[in-house]
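As structure tokens, the structure follows; a few thoughts come after it.
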Amino acid sequence: MNIFRWFFGAALAVLLAGPAGAQLTMPDGTVVALEDLRTADQACASGSDQACLVAGMAARHAAWQPMDIDRAAAAFARACRAGLGMGCLGEAEIAAARSGARRDLKLAADRWARANTLFSAACEKNLAIGCHNLADMLATNATMIDKPRAVTLLAKACFDLRHGASCVAGAALTEPSVSPVHDPALAMRFAAAIDPALDAECRQQRPGACAQLALWLDGRPQPKDSARIAALADSACSAGAGAGCSLAASLVRREDSSAEGWDRQIAYLDKACGTRFARCAELAEAMREHPPIRTIDTGLLFLADIKACLGGMQEHCWRLYEPAARLNATELAQLVETFDQACLKLLRPSAELCASAASNHLERAEALAAGAASDREEARRLYRRALELPEDADDNPTAHSEARAYLDAGN
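Letter by letter, the sequence shown follows residues -22 to -1, 1 to 389 in mature numbering (1 follows the signal peptide of the UniProt record, and there is no 0).
Next up, the structure:
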């Protein structure tokens, strides 16, 4: 695709800076403000173990900044060494999910075992989040499945320690008839405890709990208390919980198809996008579905796709090519840098993504002689990365052959 007729470099740092209200929702439902997110890396380096966990989660989940999986792994490792189970869990999940030579199942197993020990100790001290996290591992991690014990732990966290998320998880585990721990009576007990527990946490200034309660109520059979659900979602969104913003937008979309309703959707989704880059995908799609009497700023749509791409929503990386013929020089530079970052910093980029990133540099090398040597070197690096990754297009794989052809030619 010949997208380079003219070109000059432009960094994404200012473009992708988080909005003033950006926050990260933590596992206990609390939120971390933007000012603390911005200083988390420095605080981690200065010895704050909790800041390392925050830095890892922010980099892993692209909260206010692009995903950077290597930086996330390093921060989680530091938190794990300090005895934070969530740090060990985060490090293990990254090690297990990577592709090719970067995948490290031995490291993952070691860190899962460490997390198991730390969560068990926390649960024995009646810390609900420890019981909940251990139960989640035992219910979902194929290397240590023990669903009966997971149910026991969730029951303790829900009924004894009043942890709302554990009540939700307990109901989800015991309610389905196909579940190996199916227990209708226990499922009803879990379900009955959800509203009181999450409502109490919501009143304790835990926006994540408000959002989870709204989502749970919205998923229940009719009749629904629509006004309460909307109020909970709006409250969670206003307090920085992105899940609340996404739900609030969904509620508006269902109930108001007018142009004014679309305006309200966009307002909520813009807030959601500010909390986690992956949520920008929802904003981009809503912008594309604008009412006929509304116009959209194509520059803002382009930015939403960039953020979604760098949040791990790789289909939105490809969306960036759609307006390529109309992009100005700055936007073309942003497109190239976005593909580079996606290839090198996402958890599981596709080989096709990296091959396309390399191709971008080769096109620029042809268009601009001044930086041709550095562009070709970058293309080599990106093609080598492509060969480490699986190809998505199984029916017509071309990324590996393209990379090999370029590298084998001695370029």
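Glycine residues also receive a C-beta, built at the ideal position from the N, C-alpha and C atoms.
Quantities reported herein were computed from a predicted structural model and do not represent experimental measurements.
Under 8 Å between the Cβ atoms of residue i and residue j?
i, j, result
"A149", "A106", "no"
"C101", "R56", "no"
"residue 402", "A165", "Here the chain covers residues -22 to 389 and nothing more, so residue 402 does not appear."
"A320", "C295", "yes"
"L261", "D248", "yes"
"A226", "C258", "no"
"L313", "L305", "yes"
"R16", "C58", "no"
"F255", "A40", "yes"
"L67", "A93", "yes"
"C30", "A75", "no"
"R340", "D353", "The sequence shown places Leu at residue 340, rather than the Arg named in the question. In contact: L340 and D353 (Cβ atoms closer than 8 Å)."
"A364", "A383", "no"
"F54", "G34", "yes"
"G218", "L176", "no"
"A169", "L193", "no"
"residue 449", "P158", "No information on residue 449 is available, as it lies outside the stretch -22 to 389 that the chain covers here."
"E344", "E369", "no"
What's the C-alpha gap between residue i and residue j?
i, j, result
"A117", "H268", "41 Å"
"L210", "T8", "15 Å"
"D386", "E355", "14 Å"
"D6", "C145", "13 Å"
"F317", "K202", "44 Å"
"M265", "A357", "33 Å"
"residue 399", "Y246", "No answer is possible for residue 399: it lies beyond the span of the chain, which begins at -22 and ends at 389."
"A79", "A377", "18 Å"
"C223", "R231", "12 Å"
"E293", "A37", "20 Å"
"N111", "S328", "30 Å"
"A133", "C215", "29 Å"
"G289", "G252", "11 Å"
"R272", "A237", "7 Å"
"F(-19)", "A87", "For F(-19), the pLDDT reaches just 32, beneath the cut-off of 50, and the residue's location in the model is therefore unreliable, leaving the point undetermined."
"F97", "D212", "33 Å"
"R297", "R167", "46 Å"
"P301", "E69", "38 Å"
"V129", "I123", "12 Å"
By DSSP, does residue i sit in helix, in strand, or in coil?
i, result
"V159", "coil"
"residue 404", "Lying outside -22 to 389, the shown extent of the chain, residue 404 is not represented and no answer is given."
"L2", "strand"
"A178", "helix"
"A11", "strand"
"N104", "coil"
"T376", "coil"
"S98", "helix"
"T17", "helix"
"A183", "The question names Ala, but residue 183 in the sequence shown is Gln. Residue state, collapsed to three classes: coil."
"W194", "helix"
"M265", "helix"
"I244", "helix"
"S77", "coil"
"G277", "helix"
"E369", "coil"
When we look at the beta-carbon of residue i and count the other beta-carbons within 10 Å, is it buried (16 or more) or exposed?
i, result
"P174", "exposed"
"R198", "exposed"
"G388", "exposed"
"V156", "exposed"
"W(-17)", "Model confidence at W(-17) stands at a pLDDT of 28, short of 50, so the residue's coordinates are unreliable; what they give is reported in the following sentence. So W(-17) counts as exposed."
"H160", "exposed"
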